[in-house]
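Chains as they are written, first to last, in this note's numbering: chain X, 1 to 445; chain U, 1001 to 1299.
Built from N, CA and C at the ideal position, the CB exists for glycine as well.
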Amino acid sequence: MKLIKSNKRMLVSIILIAMFSIAFTLAATLGVLAAEKVTLTFRQNDSPDDAAGLPEAVEEFNQNHPNIRVKYESVPWSDALNQFIREVKVGGGPDVVHSAFVWTMDLAKAGTLVKLNPLMEEDPLPTGIEDFKAVKLGELNGGIYGIPWTTDTYGMIYNKDLFKEAGVSTLPDDSWAHFKTVAKKLVRDKNGDGITDQYGFGVAAGSGPAGEMWFLINHYIWSNGYTFMKQAKNGDWQVGVDAEQIAEAMRYFNSFFEEGISPRSLIGVNWEGDPELLYALANGDLATGFVVTSVFDTIRKINPKVHMQSVQSPMGRVTRIASLGGRTLVINKNTKHLNEAWKLLKWMCSKRVFEKYYTQQLPAQKTLLKQISIKPGFEGFVDSIPQAQTFYEYIISPVRVQTMWALTNREFGAVFSGQKSVEQGSKDLIEGIKEALRKAIEERL
Amino acid sequence: MKLREVTFAYMLMLPALALLTFFFFFPCPYNIALSLQRISLFQMAGEGGKFIGLKNFVELLRDPSFYRVLINALLWLTGITVLLRLVMGAGLALLLNSTALKRFRLSGLARILIFIPWGVPPVVAVAIWKWMFHSRYGFVNLFLENMGLIHQPIYFLTSVSIIWVSIITVIVWRELPFAVIAFLAGLQSIPLELYEAARIDGAGWFSQFWYITLPFLRPVTVIIGFMITIWTFSNFVYVWLFTRGGPGDFTQVLGTKVYFESFVNFRVGYGATVGVVITAIMIIFGMLYFRFLFKPGLT
């Protein structure tokens, strides 16, 4: 009996040991496998419409890289910068991050980004860094800290059907004055009740610090030969436009509201993606508008029947010019998986991503821009890009772009809403920028 | 009390004290420390700032726009909305507590309707009202036009003559239920025998209200007034979502100025200075309130 009992005990013990061994081996194997799988976070800042296709692009990357798992996350533009800085400060943050063109250099100066040159040497970009536009916006002391990902520019868009109804063939881009004349022709009171039903021109003209008026104003003043900030030959920075030149721009844009070409309600719209502006353009309540590439695409998604066309910004006295903005991809200095992060960054810049997933954005690579098929209607935006100008001069100036942006929108808003005369508004804007320059130089010293 | 009991009491309080230290006592001195530095948002991630003493405070006090912003915060954002909430809150609480509503079995429905706005997040409340106030598509303008009261739309969201009225409407609509609840609780704590005795003595509706209801509501009024003033004075959400401080800087308040300085101009030190000034004003307000209204109000 004793022998049988001890045999049974031994058998149970052997089974238990075997089970533990198998479980241990399995756990260890899985653990090793799990440890080998690298987890990365990719963060972008656009609205779902603007970022459409990106989650799918990330998913394809995951499928093609079984040992890398990329987590996709979105943070709105308004919080993106301060959230990233807070995270980096405490040793965290996403691995590959979407930055604005205008932030990259400051982020690099703050030591938050990885210098990409060694990665580019080890595993080069297919078409080389020279193929990318606006690379210098992410350069610091000879190092490259950001890869330009997309480019966008603002352009005029118009509703072909409303133009036909008004007997106008196309939106003229030969001068700002002519543009206004045509926009005025498109204002209509359809039912004769004394209230305008169709306006000639729409832009997000709010006073908020990130409103789109800033871009339109820059198109206007650049095309007339001025700029907000310029560097003198001796290296000193100075304001490159005077109060009278600003007053001219204020008078021009304010006349759209005073003459009823643009609805006054747009003075309260701070974002071009605001439903008021989008739907008015999509439904024909606004005949023309000033928007960025992705918004143009959204308008056509809202109303697929609308016949919209983009054209370049009007010609100024000196030139025709547009602002070149865009998105940069950067790698967080806290990343623990540099090579994998670089692989992901390269994938996001690839032809396949722009051709299959991220089709509403234009790539920052010159060759890719030629290779991918441009959607009909986008021609005006694409034509603008070769002569478009980045905010590089503003970025390297002592005054932050956002400060000039906020001041400009604020003073134009004060004029549009009748709080200030054009003379007062233009004087206050110039004084405000000069004061910001003085403070910035003082702080630098 | 024995030493062990004292130690045990402190041990029980320790988690709460630790949380307070972490979430309150650490951020406050940190904010004050930032206000004494020249530091940008980018510097926060790396090199840090430079100590400049009280220069940020001097700059703020010399900035003429600061006084406009302060008046906006004191008068429009806080003064008028607090006053309206107190008056309307007391009025609605009286209505909800009235026998008339009970008689028609409408108290439940009325309470639900009045409390609904409180369940609406501020961001949604602002979005709803922005559409309602819209000059072309909004219900308010359409209603006024159909009633024949106006022939041209009113620009509730962009006209400087009326924009504060629009912002105040949203704040009062969204925040009123809190005052109503508090006043209702105050009304329900008044002994009914007092009203019966007053009626027997021949007191009318107004006398009952003046000599019984109002004195009993005074402690509630004092406490609500104090709380909603503090909550509103530094409020950022309503103005930011409604106007971004515009048109121009017409509706800029202290809460939005902190944001502007810290996250638009990236001057975190200067933004922290505005934050310290907000705290200082509220501390002074609290002390005066406590001295002149709180103690007499409660007694």
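Per DSSP, the beta bridge partners of V70/X are L40/X. As computed with DSSP, H98/X is found in a beta bridge with L329/X.
From the beta-carbon of G1246/U, the residues of chain X found nearer than 9 Å are G206, S207, G208, G211, I267, G268, N270, N409, R410, G413, A414, S417. When the five nearest sequence neighbours on each side are left out, the beta carbons in the same chain lying within less than 6 Å of the beta carbon of N218/X are those of S323, in order along the chain. The shortest CA-to-CA distance from W103/X to any of A341/X, L140/X, W347/X is the one to L140/X. With a threshold of 8 Å between beta carbons, N64/X makes no contact with chain U. Straight-line measurement puts the Cα of K89/X at about 19 Å from the Cα of G1271/U. The Cβ atoms of R264/X and S1135/U sit closer than 8 Å to each other.
Closest in C-alpha terms to I147/X, from the list Y158/X, T153/X, F132/X, comes F132/X. In summary, the residues of the segment 98-131 of chain X whose CB is separated from some CB of chain U by less than 8 Å are D106, L107, K109, A110, G111, T112, in the order they occur in the chain. Pairing V401/X with F391/X gives a Cβ-Cβ distance under 8 Å.
Taking a C-beta cut-off of 9 Å against chain U, none of the residues of the segment 35-59 of chain X qualify.
Not a single CB atom of chain U sits nearer than 8 Å to the CB of T328/X. Unbroken alpha helix (DSSP H) stretches of 4 residues or longer found wholly inside the segment 378-406 of chain X: 379-384, 392-396, given in chain order. The count of Cβ pairs closer than 8 Å, one atom from the segment 1227-1239 of chain U and one from the segment 1068-1079 of chain U, reaches three, so the stretches are in contact. Around the C-beta of H98/X, 16 or more other C-beta atoms lie within 10 Å, and the residue is accordingly described as buried. Residue range 147-159 is occupied by the beta strand (DSSP E) that includes Y154/X, with no alpha helix (DSSP H) assigned at that position.
At a cut-off of 8 Å between C-beta atoms, V1160/U counts as an interface residue with respect to chain X.
Of S294/X, K305/X, R320/X, G284/X, the smallest CA-CA separation from Y226/X is found for R320/X. Non-local C-beta neighbours of L1003/U in its own chain, meaning closer than 7 Å and more than five positions away in sequence, are absent. If you compare the alpha carbons of L429/X, E435/X, S397/X, E130/X with that of M229/X, the shortest gap goes to S397/X.
In the DSSP assignment, T1229/U falls within the unbroken alpha helix (DSSP H) covering 1214-1233. Counting C-beta atoms within 10 angstroms of its own C-beta, N64/X has fewer than 16 neighbours from the protein chains shown and is therefore classed as exposed. Neighbours of S1135/U in chain X, taken as residues whose beta carbon is under 8 Å from its own, are P263, R264, S265 in chain order.
Against I85/X, the close residues of chain U are L1041, F1042, M1044, A1045, in the order they occur along the chain (beta-carbon pairs closer than 8 Å).
For F201/X, the enclosing beta strand (DSSP E) has its first and last residue at 199-202. Secondary structure of L362/X (DSSP, three-state): strand. Judged by DSSP in its simplified three-state form, E60/X adopts helix.
For G200/X, there are no C-beta contacts with chain U under 9 Å, since the nearest C-beta of that chain is about 15 Å from it.
Residue-level contact by beta carbon holds for Q402/X and chain U, with a gap shorter than 8 Å.
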